[in-house]
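Residue numbers (our numbering): 924 to 1213.
Glycine residues also receive a C-beta, built at the ideal position from the N, C-alpha and C atoms.
This one's a predicted model, so the numbers in the text were calculated from it and none came from an experiment.
First the structure, in the form of structure tokens, and then the observations on it.
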């Protein structure tokens, strides 16, 4: 099975289609401190408007996060993350009961609540199964008695698609870990796995991130049946190269170019702040036969 077929199988759970093209995952952060100010949505009105905007502009998946993983971000307790996530999910589900929702978390308890109470569709784990929580901060006590990452076991129990994001610094280590982790997940019965190279996580800002982007097709070659997600939107790898900040229009334009390269190198999902621009990039890439 190709990655597009697997992605289509995931989307069909909600009656959605990808038509052989990449899809857009729009970011909704119910946090006060995410690195891109435009993504911070905390009030009921802000959250509802952001969800509306993602879907209206062509987003297929809404990715909801309740803590910031930016460098230097403060710790958020599990209780606070649960509170924020529950509030956001209540708002989004009220206006869009059938939307496909991804939950950006590294905590099994948050994943469980989101799926069991609000019918969340995908778990987007930025910790690579508990290797790190907030950027480069190791987690403790996140494995069960059999040594299986707690998030792996929880996703298997919940029976939903899982985004496995790498926090490794180079392609060789990434592929080695992915092989072991995918084998573990499949052994637990998890079939719908989406791979994410983890741009911006544990990698040299310029050389590391762009080196992996240049070689991204190697991930597709190693796992041709698994969809690949690219999440570079307005990250330091873009705005530091161009000058300026994550808030600048140049960061958005740079993201469009990086996303075009990601599509050329096999990306099936683009995780972004600027949904309309990502959708336009996909349409252009399709015409250019990327």
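For residue i and residue j, which I take to be in contact (beta-carbon distance under 8 Å), what is that distance rounded to the nearest angstrom?
i            : j            : result
residue 1143 : residue 1151 : 6 Å
residue 1108 : residue 1035 : That pair is no contact at about 17 Å.
residue 1052 : residue 1072 : 4 Å
residue 948  : residue 1149 : Not confirmed; about 16 Å, so no contact.
residue 999  : residue 1029 : About 11 Å separates the two Cβ atoms, so there is no contact after all.
residue 989  : residue 969  : Residue 989 to residue 969, Cβ: 14 Å. No contact.
residue 883  : residue 1113 : An answer regarding residue 883 cannot be provided, because it is not within the stretch 924 to 1213 covered by the chain.
residue 1054 : residue 1037 : Going by Cβ atoms, the distance from residue 1054 to residue 1037 rounds to 21 Å, so no, they are not a contact pair.
residue 1104 : residue 1087 : 6 Å
residue 1098 : residue 1145 : 6 Å
Can you look up residue i in the DSSP assignment and give me helix, strand or coil?
i            : result
residue 1156 : coil
residue 949  : strand
residue 1036 : helix
residue 1211 : coil
residue 1133 : helix
residue 1173 : helix
residue 942  : coil
residue 1078 : helix
residue 1050 : coil
residue 1120 : coil
residue 1083 : coil
residue 1127 : coil
residue 1008 : helix
residue 986  : strand
residue 1089 : coil
residue 1072 : strand
residue 1105 : helix
residue 1015 : helix
residue 1094 : helix
residue 1044 : coil
Taking 8 Å as the limit between beta carbons, can you name the residues of its chain near residue i, skipping five residues before and five after?
i            : result
residue 1084 : 933, 1044, 1045, 1046, 1115, 1116, 1117
residue 1207 : 1183
Apart from the five residues just before and just after residue i, which ones in its own chain have a Cβ nearer than 7 Å to its Cβ?
i            : result
residue 1200 : 1175, 1179
residue 1209 : 944
residue 1184 : 1136
residue 1123 : 1132, 1158, 1159, 1160
residue 1041 : 1012, 1016
Have a look at the options and flag the residue whose alpha-carbon is nearest the alpha-carbon of residue i.
i            : options                : result
residue 1023 : 1074, 1031, 1005, 982  : 982
residue 1191 : 936, 1113, 938, 943    : 943
residue 1138 : 1157, 1186, 1163       : 1186
residue 1017 : 1129, 972, 937         : 972
residue 1214 : 1204, 1161, 1196, 1074 : Nothing about residue 1214 can be reported from this structure: the residues present for the chain run from 924 to 1213 only.
residue 1165 : 1129, 1078, 1087, 1147 : 1129
residue 987  : 979, 1003, 1008        : 1008
residue 1188 : 1141, 1113, 1206       : 1141
residue 1015 : 1032, 1004, 980, 976   : 976
Less than 8 Å between CB atoms is the rule here; does residue i satisfy it with respect to chain C?
i           : result
residue 928 : Absent here is chain C; the protein component of the structure consists of one chain.
The ligand GTP and residue i: does any heavy atom of the ligand fall closer than 7 Å to the residue's C-beta?
i            : result
residue 1052 : Within the structure as shown, the ligand GTP is missing, as the structure has no ligands at all.
Residues in the same chain with beta-carbon distance under 6 Å from residue i, minus the five sequence neighbours each way, listed in chain order, please.
i           : result
residue 928 : none
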